[in-house]
Structures are given as structure tokens and as C-alpha cells.
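Everything on this sheet refers to the single structure shown next.
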Amino acid sequence: MKILVVNCGSSSLKYQVFEMTTEEVLAKGLVERVGLAGSSLTHRREGREKVEIKSEVKNHGDAVQIMIDALLHPDYGVMKSLSEIDAIGHRVVHGGQKAVRSMLITDEVKAIIRECFAFGPLHNPANLAGITACEQLMPAAPQVAVFDTSFHQTMPPKAYIYGIPYELYEKYGIRRYGFHGTSHKFIAMRAPAFLGRSAAELKLISCHLGNGSSLAAVERGACVDTSMGLTPLEGLVMGTRSGDLDPTIVSYITKNAQVPENDVNDYLNKKSGVLGISGVSSDFRDLEKAAADGSERAQLALDIFAYHVKKYIGSYAAAMGGVDVIAFTAGLGENSADMRRLICEGLEFLGARLDDARNEATRGQDAVISTDDSTCKILVIPTNEELMIAMDTRDIVGK
Ligand code: AMP
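To get this note's numbering, take the position in the sequence shown, counting from 1, and add 3.
Encoded structure:
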């Protein structure tokens, strides 16, 4: 069974083709600068050199077309006919309250995606444009929407209702939704399988640490809390996002710090976080290097980041009445032994003891990095959101 996974951003389209019998990636690619000058496709058939194709890509329809041309290409394509695609899985960022699981795309599902444009103004319209283009150009393939928010829909009201007038929730749907759900779901499935345990017996904290970062508290396989909120701005300090703030700061900086009201969202989403604190970079590799070279603010940014993750781990352990597994994933979580050490220092009271040698030795694969006597297992589990989307798509189409 071949499944095409499509992830449309406002000016990009990423795709992967999976052979689901082996979970193998047959080809992947990225169309960049959709709707802008200088657009191109980078495509790679597994085991071959990648090819770069410069082409005018005016919109997501054009992007889907050049993806199709690459997939059918006699040299670097991976199929003779589009009829070989059994289903298409689309990443959709915001599904609001109605998308409690991945769903076969129908007019109702498209309406749900549209209803959430206000919550995901950059992503949801692009996601829908990708879906519409695939429907037009590959009408025979069933399509599935896999939402970043839906894994978190099992949270209880006490975790998702904000401390503001309840009418704002009732009238406008203002509540915590959470993001990175596909990644957290993958970790919630993979971690117990790796440990040979049942998800039903575990209290797990999934730490997705990358450019954007979030934690999820997962009890018996279901999410009970997560750090991102109505939008991905809430929670941890991130690469360029502020994370949790006193809301008064917003009005204060517009009145007193020359930040125009229209720019506040950009300021908090793109100029804050470890970039804003350090003044160096949003990239944790740059920060680690700058800190090693003596930059105090880069070190401060790293310390603040680790401190926030540690506090969230503590609060989620309290929320669940304990924690059996802490799993690190995404660019930073998978690759930075230093950051994992900073975060885990002082968590011994939870029964979580990091094994320094194991922590240093882990490279790109599932690994236990806690000591043998650690009652809480600390893991590194590389995330695979595309595979998770493909698996959900297979499960839904197979039904
Ligand atoms: P992601 O958003 O999951 O792609 O993660 C990107 C972040 O992971 C960037 O801030 C990178 O600096 C960070 N990252 C990737 N590899 C490493 C590494 N070896 N050491 C430290 N940070 C890393």
C-alpha cells in the first residue's frame, strides 16, 4: 500500500511517499517559495542523488503538479501511474474542537478546517489549498486530514479552560488546543512499544524540543495536558517564541516600548524566545557554541530554556500523580546531550536518574538514557510525524 503524505505551509509543500507494508520512504521532496520568485522543487528518490528543479510555482495547485511530475518521472519517479497511490494524508495544523481524531476528508471536514482559519491564519488556508489541489489532480485517491491539535482533545476541561470569562470559550472557542499532536502521539505509541510495556500502564511526559517546543502529559496513552495553548505561542520559551508571559506585557510594550500594536504578534512569535534573550540566534547549536565561547546571554538563554522544561516536567508529574517515562524528541531533544543533562539535573526526586554515558552515546535512534535503577525511564525517541500521518491515513482508509 502506497501512501502520499502532504504538508503544505504558506509558501511550501513537503511530501513523502511511504510503502506501508515496510514503512519505507520511497521518495520525498520539498517545493519552496510557492507564490514567490525563485521557486523550486528538491526531490529525492530513496537511494538516489537528489534533484533540484527550478520552476515557476504560482500557487499550491502548481506545487502539487510539479510534485506529481516528479513522482511519475521515468528516472527519479517512484510510480508509473497515480493510481498506485492508495491514499493521501494531509497535515492540518488546527482542527478546533470538532477534529477529535484524524478524518477522511469530506465537505464537512473542509468546513472544520475553514472554521479554524482564525486560529491558524498562516497554516490552515495553506493546508486547505493543498487538499483542494490534490482533490483536483488526484481525484481517485481518498484523502485524510491529520490534525496537529486532535491528540490533545482528550484533555479534561480543567486543563484546557483559561481563567477568563467562560463566555469567551463558549462564544469564540478560546481554550487550550495544543500542537505537535502528531509528534506527541507518535512518542506516546513508540515509547511503550520500545520498552515492551503497555501504554495503558504508563504516565509519560513527551518533550518535543525543536525550534518550536512543547510538552505533553500522557496518561494511559491519552493526552491530559500540554504546554501550547490557543496558538503555539504559549508554554515553553522557544527558538523565537516567548512562551508563557504576563499578558499585561502586551499592552505595556505597545504603550511604553515602541512596539506598534500591529507588530506585537510578530514580536512575540519571531523576535522573542532564546533569540530575543541571547541576541545571538534561535538555533540551539549556535547558542551552545556561543555559550562555550563565553557569551553569558547565550548561556542564560539555554539555562532559561532548560529551567522551563524542568518546571513543566515537574508540573505534569504532579498533574498525573507521578511519571514513569520522560521521552525527548525533535531536533534539540534528539540531538543535544547537554540540553538533556541540564533539564534532568535535579529531577532525581521524581526517580529520574540520567546516565551520563548513555546520554552522550545516543545517536539518532530509540534509546534509554537513564540508569538501570532509575524508576522513571528517560528515553530519546526520534519523532516521525510523516510516518504517523501515513499510519493514521492507512488506518482510516482501511476501515
Ligand atoms: P526541529 O524544529 O525539530 O527541526 O529542531 C531544530 C532545532 O534543533 C534547532 O534549534 C537546532 O539547533 C536544534 N538541533 C539540531 N541538532 C542539534 C544538535 N546536534 N545540538 C543542539 N541542537 C541541535
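Ideal placement from N, C-alpha and C gives every residue a C-beta, glycine not left out.
- request: For the alpha helix (DSSP H) containing Gln68, list its first residue and its last residue.
  value: His63 to Leu75
- prompt: What distance in whole Å lies between the Cβ atoms of Leu239 and Ser216, which are believed to be in contact at a cut-off of 8 Å?
  reply: 5 Å
message: Measuring alpha carbon to alpha carbon, tell me which residue in Val34, Lys5 and His211 is nearest Val28.
response: Lys5
- prompt: Sorted by chain position, which residues of the same chain lie with C-beta nearer than 8 Å to Thr396's C-beta, five sequence neighbours on each side aside?
  reply: Ile6, Val8, Ala90, Ile91, Gly92, Ser105, Val147 and Val149
message: So if I measure from each beta-carbon to every heavy atom of the ligand AMP and keep distances below 5 Å, which residues remain?
response: Gly213, Asn214, Asp286, Phe287, Arg288, Ala333, Gly334, Leu335, Asn338 and Ser339
message: Let me confirm a value: Phe352 is counted as buried when at least 16 other C-beta atoms fall within 10 Å, else exposed. Which label applies?
response: exposed
- request: Return the CA-CA distance between Glu111 and Gly297, expressed in angstroms with no decimal places.
  value: 55 Å
query: With distances taken between CB atoms, is the gap from Tyr180 to Thr152 smaller than 8 Å?
result: yes
task: Just mark Ala355 as buried or exposed, buried being the case when its beta carbon has 16 or more other beta carbons within 10 Å.
output: buried
task: Have a look at Asp375 and Asp358 and give me their C-alpha separation to the nearest angstrom.
output: 8 Å
task: Pull up the DSSP beta-bridge partners for Leu212, would you.
output: Ser216
- prompt: What residues in its chain sit with their C-beta under 7 Å from that of Lys3, if we drop five residues either side in the sequence?
  reply: Nothing about residue 3 can be read from this structure; the chain reaches only from 4 to 402.
task: Leaving out five residues on either side along the sequence, give the residues of the same chain with a beta carbon under 7 Å from the beta carbon of Val253.
output: Val267
- prompt: Are the CB atoms of Asn214 and Gly334 nearer to each other than 8 Å?
  reply: yes
task: Let me know the alpha helix (DSSP H) ranges lying completely inside the segment 223 to 281, each 4 residues or longer, listed in chain order.
output: 251 to 259, 267 to 273 and 276 to 281
- request: Return helix, strand or coil for Ala102, following the three-state DSSP convention.
  value: coil
field: Whole-angstrom distance between His76 and Ser84, CA atom to CA atom
entry: 10 Å
query: Since Phe21 is in the alpha helix (DSSP H), which residue starts that stretch and which ends it?
result: Premise fails: Phe21 lies in the beta strand (DSSP E), Ser15 to Glu22, not in any alpha helix (DSSP H).
message: Let's test the definition: count the other Cβ atoms within 10 Å of the Cβ of Leu218 and tell me whether it reaches 16, buried, or not, exposed.
response: buried
- prompt: Which one or two residues does DSSP pair with Gln156 in a beta bridge?
  reply: Its beta-bridge partners do not exist; DSSP assigns none.
C-alpha distance - Leu39 paired with Pro160, whole-angstrom precision: 42 Å
- prompt: Taking the Cβ atom as the reference point for each residue, do Ala340 and Glu363 lie within a distance shorter than 8 Å?
  reply: yes
field: Residues of its chain near Asp289, where Cβ-Cβ distance is below 7 Å and the 5 sequence neighbours each way are ignored
entry: Val283
query: Given a threshold of 16 other Cβ atoms within 10 Å of its Cβ, counted over all protein chains shown, does Gln19 qualify as buried or as exposed?
result: buried
message: I'd like to confirm the pairing. Which residues does DSSP put opposite Gly50 in its beta bridges?
response: In the DSSP output, where bridge partners are listed per residue, Gly50 has none listed.
Same chain only: Cβ atoms within 8 Å of Ile177, ignoring 5 sequence neighbours per side: Tyr165, Ile167, Leu171 and Leu233
- prompt: If you draw a straight line from the C-alpha of Arg200 to the C-alpha of Tyr319, how long is it?
  reply: 21 Å
- prompt: Beta-carbon separation of Leu212 and Val312 under 8 Å?
  reply: yes
message: According to DSSP, Thr378 sits in a beta bridge with which residue or residues?
response: The partner list for Thr378 (beta bridge, DSSP) is empty, contrary to what the question assumes.
message: Excluding the 5 residues flanking Ile115 on each side, which residues of the same chain have their C-beta closer than 7 Å to its C-beta?
response: Gly98, Gly99, Lys101 and Ala102
- request: Would you kindly check if the distance between the Cβ of Leu350 and the Cβ of Ile316 is under 8 Å?
  value: yes
task: With a 10 Å radius around its C-beta and 16 neighbouring C-beta atoms as the bar for buried, classify Ala191 as buried or exposed.
output: buried
query: With respect to the beta strand (DSSP E) encompassing Gly32, which residues constitute its N-terminal and C-terminal limits?
result: Glu27 to Glu35
query: Roughly how many angstroms separate the alpha carbons of Gly50 and Lys31, rounded to a whole number?
result: 11 Å
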